[in-house]
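See structure below.
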Amino acid sequence: MSTSEIECELRPEYLEEWLEALPYANFGHATGRILQALIITNRTRLRPSVRLELMGLYLRPLHYLMEQRVGELPQPTAELLHRRQQDLMVLQDIAGELASGCHQAVNEILMKKTRWLLTRPPTRGMVMTMHLLGLVMFLCYHRYETPERRLWREIHDLYLAAERLQTEDEPVRLPELEELPARSVRHCFLRTLALSQLNPHTLPYGALWPMYRQLDEWIGKARLLPWQEGLEGGPSGRFACDLNGHGPPRSLSREGPPEGGEGLRVLDLSGLLEEIGRALRLLERGENPTLIPSHLARPLLQHAGRAWGLPPRRHLPRQQKSGRTRLACGLTMLYLLAGGTGRQDEEEAEIELSDGGRPGSAPGLSTEEWNLIDVGSGGFSVLRREQPEAMLRVGDLIGIQPATRGGQWQIGAVRWLMVQRDGEHRLGVQFLGRLEEPVDLRPHGSDAPGRHALLLGPHAGRGPALVTERGLYQPGRQFELLSPEGRRVVQAGELLESSAVYDLFTLQSGVSSPGQSVA
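Using this note's numbering, read the sequence shown as starting at 5 and increasing by one per residue.
Right under this line is the structure:
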C-alpha cells in the first residue's frame with residue numbers, strides 16, 4: 005500500500021473522531037492504521053504546536069491498547085505468548101513513533117527564535133517525550149529485549165535539556181490522560197531509571213506491568229543527586245548515573261565509583277526501599293497497600309528490595325565454553341523424553357508433536373539445539389540465533405542434554421531471558437539436579453490416576469527431590485511414586501521452590517524402596 009492510499013488525519017479537530025472510530029476489537033487492524041498514520045505524520049511538515057497536539061491525541065488509545073496487552077496471562081500457551089509478544093512489538097513501535105514526533109516538535113520549538121530571542125520552554129512536550137520514551141523502555145523490558153544504546157542517549161539528552169531550562173520539576177497534567185496525576189520530566193526520568201534497576205530480565209512474564217504502575221505511585225521517594233565523593237560509601241540503594249553515557253545506572257555497592265564527569269549523578273532509591281519495607285509489613289498483617297495484585301505483591305516487592313538494595317555478586321566466575329546442547333521445555337515433555345510411560349491425557353494433549361524425532365530424543369518429541377556461551381558451578385547460559393519453537397519464559401522448567409553424546413538429562417530452570425528483534429534468544433539456566441527417573445505421582449492410599457513428576461538425584465548439599473506440577477506440595481504429605489520398577493511411598497519434605505509452573509521439594513528419609521509393597 006502506497007503512502008497516498010493510507011488514511012491519515014492531520015487536523016487535530018478531526019483526529020479525535022478518527023481515533024474513536026477505529027475498530028479496537030480488531031487489535032491488528034487498529035494498531036496497523038495508527039502506526040501507518042503516525043509514520044506519515046512524522047514525515048509531514050507541521051507547526052510544532054500542531055504536531056504536539058496530534059501526538060497528544062494518540063496517547064489515550066496507546067494507553068488503552070497497552071492495558072489490554074501487558075498484564076498476566078491466565079493460561080499462557082505457547083501460541084498465545086508468541087502472539088502477545090508480536091502485539092507488544094507493534095505497541096513499542098507506536099510509542100517510538102509518538103516519542104519521535106514529540107521530540108521533533110520540542111527540538112523545533114527550542115530552535116525557534118522570537119523577536120526578543122526568548123521562547124516559552126516546551127515543558128509539556130518534554131514531559132510527553134520523556135513519558136513515551138519511558139514506555140518504549142518498559143515495553144523493551146517487558147518483552148525481555150535489551151534497550152538500544154540510542155534510546156538511553158535520547159533519554160539522557162532530554163533530561164539534560166530540561167535541567168538547562170530549569171523545567172525538570174515543573175508538573176504538567178496531560179489533558180489526554182486526565183485520570184493520571186500531573187507529571188514532570190524528573191518524575192518520568194526517575195521512573196525509567198528505577199525500572200531499569202529491577203533486573204527485568206529475571207522477572208516472570210507479565211510481572212513488570214504492576215511494578216511499573218506501583219513505581220508511578222512511589223517514584224517521588226527517589227532522588228537524583230549531584231555527584232560528590234563519598235556517596236558510594238553510603239547506604240544501599242544508590243546507583244551511579246552517567247547522563248553523558250549510553251546505558252543504565254550502575255550499582256555503587258557492587259561496581260564502585262565510576263570516573264567523574266559533568267554528567268555524573270547519583271540515583272538514590274533508599275526511599276523506595278523504605279516504602280517496600282512498610283508494604284511488606286502490612287502484607288504480613290493481611291493488608292495490601294500497593295497497586296500490585298495480592299498474589300504477586302510479596303514476591304515482586306522482595307525482588308525489588310533485592311535489586312535496589314545490595315545486588316548479589318558472582319563469587320565463582322563463569323567459564324566461557326563452546327559447543328552445543330539440547331534443550332526441552334516443560335514437565336510433561338521431559339517426562340516423555342526420559343521414557344515415562346504413564347498416561348495423563350489432559351496434559352499430554354498440550355504437547356505439540358513435531359514431524360519427526362531429533363537425534364537423541366524420543367520419536368516425535370520436540371527438542372532444540374542451543375549454543376553454549378559459558379558454564380558455572382550452578383548453571384550456564386546458552387544462545388540461539390533464530391526464534392526457538394518453544395516459547396520460553398523466566399521460571400520455565402527445562403531439560404539439558406549434550407547434543408553430541410545424548411545421555412542423562414539434567415533439569416534446570418530459566419532464571420533470565422534476553423530476546424532480540426531478529427529472534428536471537430539468550431537464556432540463563434540454573435541447575436536443579438540430575439534426572440534420576442520419570443515417575444507418576446498420586447496421594448498415598450488413593451486410586452486416582454498418577455500425575456507426571458520427575459525424581460531428581462542429590463544436588464548442592466540436599467538429598468533426592470521431586471519436581472511436580474504446581475500446587476501438589478503440602479508439608480509432610482505422603483505420595484505413591486509409580487514407575488516400571490514398582491511402587492514406593494515418599495513423604496514431602498522442604499519446599500525448595502514454587503514457580504508459576506512447578507513445585508520442587510525434598511523427600512524425607514525413611515521412604516520405601518522401589519518394588520516394596522505399599523498395600
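Beta carbons are placed, not taken as given, at the ideal position from N, Cα and C, and that holds for glycine.
Am I right that residue i and residue j are in contact with their C-beta atoms under 8 Å? What's the rounded C-beta distance?
i      : j      : result
Val270 : Leu401 : Contact flag wrong, Cβ pair sits at about 40 Å.
Ser439 : Leu421 : One detail in the question is off: residue 439 reads as Leu in this sequence, not Ser. Contact doesn't hold; Cβ gap of about 22 Å is too wide.
Val176 : Ala186 : 6 Å
Met141 : Leu162 : The pair is not a contact, with the Cβ atoms about 12 Å apart (cut-off 8 Å).
Leu92  : Arg73  : 6 Å
Thr329 : Leu387 : Incorrect: roughly 11 Å between the Cβ atoms, too far for contact.
Leu458 : Ile404 : Actually they are not in contact, since the Cβ atoms of Leu458 and Ile404 sit about 13 Å apart, beyond 8 Å.
Leu273 : Ala226 : 5 Å
Leu431 : Leu396 : 7 Å
Glu11  : Arg37  : 7 Å
Gly467 : Thr510 : 6 Å
Pro442 : Ala332 : Incorrect: roughly 12 Å between the Cβ atoms, too far for contact.
Tyr145 : Leu199 : 7 Å
Leu58  : Leu23  : Between Leu23 and Leu58 the Cβ distance is about 10 Å, and since that is not below 8 Å, they are no contact.
Val423 : Glu21  : Actually they are not in contact, since the Cβ atoms of Val423 and Glu21 sit about 38 Å apart, beyond 8 Å.
Ser370 : Glu393 : 6 Å
Gly3   : Gln512 : Coverage of the chain is limited to positions 5 through 523, which leaves residue 3 absent and any answer about it impossible.
Leu39  : Glu101 : 7 Å
Ser188 : Glu167 : Not really, about 12 Å apart at Cβ, beyond 8 Å.
Put residue i into one of helix, strand or coil per three-state DSSP.
i      : result
Ile377 : strand
Pro488 : coil
Glu182 : coil
Gly497 : strand
Ile415 : strand
Trp231 : coil
Ser200 : helix
Ile223 : helix
Val398 : coil
Val433 : strand
His299 : helix
Val74  : coil
Leu460 : strand
Val110 : helix
Val94  : helix
Glu473 : strand
Glu174 : coil
Val386 : strand
Leu63  : helix
Cys192 : helix
Thr206 : helix
Ser53  : helix
Asn249 : It is worth fixing the name first, because residue 249 is Gly in this sequence and not Asn. In the structure shown, Gly249 sits in coil (DSSP, three-state: anything other than H, G, I, E or B).
Glu3   : Not covered by the structure: residue 3. The range shown for the chain is 5 to 523.
Gly403 : strand
Please return the same chain residues whose Cβ sits closer than 7 Å to the Cβ of residue i, not counting the five positions on each side in sequence.
i      : result
Arg153 : His250, Gly251
Thr133 : Ala103, Cys106, His107, Val110, Leu162
Gly399 : Pro208, Ala417, Val418, Ser503, Ala504, Val505
Arg55  : Gly105, Gln108, Ala109
Arg64  : Glu180, Leu181
Arg195 : Gly138, Leu219, Asp220, Ile223
Thr45  : Cys12, Leu14, Leu58, Gly105
Thr472 : Leu445, Arg455, Ala457, Tyr506, Asp507
Ile98  : Thr35, Ile38, Leu39, Leu42, Leu66
Whose C-beta lies closer than 6 Å to the C-beta of residue i among residues of the same chain, with five residues either side of it excluded?
i      : result
Ser298 : Asn292
Ile159 : Leu137
Tyr28  : Ala34
Trp222 : Leu276, Glu279
Ser385 : Ile377, Asp378, Gly432
Val94  : Thr35
Note down, in chain order, each residue of its chain lying with its Cβ closer than 8 Å to the Cβ of residue i, except the 5 sequence neighbours on either side.
i      : result
Leu305 : Ile280, Ala283, Leu284, Leu287, Thr294, Ile296
His463 : Phe435, Leu436, Gly437, Arg438, Ala469
Leu277 : Ser240, Gly241, Gly309, Trp312, Gly313
Gly475 : Asp507
Arg537 : Because the chain is modelled from 5 through 523, residue 537 falls outside the range shown and cannot be assessed.
Taking 6 Å as the cut-off, is the C-beta of residue i nearer than that to any heavy atom in the ligand MG?
i      : result
Pro488 : This structure lacks the ligand MG; in fact it carries no ligand of any kind.
Practice problem: Spell out a yes or no on whether the stretch 99 to 118 and the stretch 175 to 184 are touching, meaning 3 or more CB-CB pairs, one atom from each, closer than 8 Å. | Solution: no
Practice problem: Taking only runs that begin and end inside the stretch 113 to 166, name each unbroken alpha helix (DSSP H) of 4 or more residues, in chain order. | Solution: 127 to 146
Self-check item: Runs of alpha helix (DSSP H) wholly within the stretch 17 to 47 (minimum 4 residues, chain order)
Solution: 31 to 47
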